[in-house]
Amino acid sequence: MRTTIADADSTTPSRRPPTLSAPHSVSTDSIPGLSVVGGTVELGEVTVATADRLACLLGAPVQTVERNLEEWPEVRQVMRRLGAAFTAVTGGGFLDLYFHHDCVRCDSDATLAVSPIDAQAARGLLAALRSGT
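Next comes the structure, spelled out in structure tokens:
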């Protein structure tokens, strides 16, 4: 079974690639939906704080003002920063993000659903994370 982003072109079954962000402050545990499926890398849902850290790792400016990452204006800013940083490091790759508000009924925190990315974009993402941008 293939488990690395470099092997994402394969059509083997899904498996979490442990190498995507382990050397950085965003661990694979903070991206619970991380897996390789066919020719794409599924990032799944991440917390807004994880998305913010990922944006910084990809070269987005660090936000120094205290923010409430559960509020829509701040979340929208994180989404824009992450999308722009992802596009820059992958040479034009697109990251579709969808905000899921916190849910009182199911007692879950707010998350961002991240679209699957193709193998080429995943390689660019991995290279940026390894180089520290």
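So the mapping is simple: this note's numbering equals the position in the sequence shown, first residue as 1, plus 13.
Note that beta-carbon positions come from the ideal geometry of N, C-alpha and C, so glycine has one too.
So, are the CB atoms of PHE107 and GLY96 less than 9 Å apart? Yes, they are a contact pair.
Measure the C-alpha to C-alpha separation of VAL49 and VAL78 and round it to an integer number of angstroms. Straight-line spacing of the CA atoms in VAL49 and VAL78 works out to 36 Å.
Of the residues VAL61, ARG143, ALA141 and ALA140, which one's Cα is nearest the Cα of GLU83? It is VAL61 whose Cα lies nearest to the Cα of GLU83.
Between ASP109 and ALA123, what straight-line distance do the alpha-carbon atoms span, to the nearest angstrom? Their backbone Cα atoms lie some 17 Å apart in a straight line.
Assigned secondary structure, ASP115 (DSSP; H/G/I helix, E/B strand, else coil): ASP115: coil per DSSP, three-state reduction.
Proximity of ALA141 and VAL54 at Cβ, strictly below 9 Å: Taking 9 Å as the Cβ cut-off, ALA141 and VAL54 do not qualify as a contacting pair.
Proximity to PRO45 [Cα-Cα], best of ALA73, LEU125 and THR103: Taking only the C-alpha atoms, the option nearest PRO45 is LEU125.
Does the distance from the C-beta atom of LEU138 to that of VAL102 stay below 9 Å? For the 9 Å CB-CB criterion, LEU138 and VAL102 form a contact.
Just checking my contact of LEU47 with GLY57 at CB under 8 Å: how many whole Å lie between their CB atoms? Sure, about 6 Å apart at Cβ, within 8 Å.
On a CA-only basis, which of ARG93, PRO129 and ASP120 is nearest LEU71? Give me that one, please. Nearest C-alpha to LEU71: ARG93.
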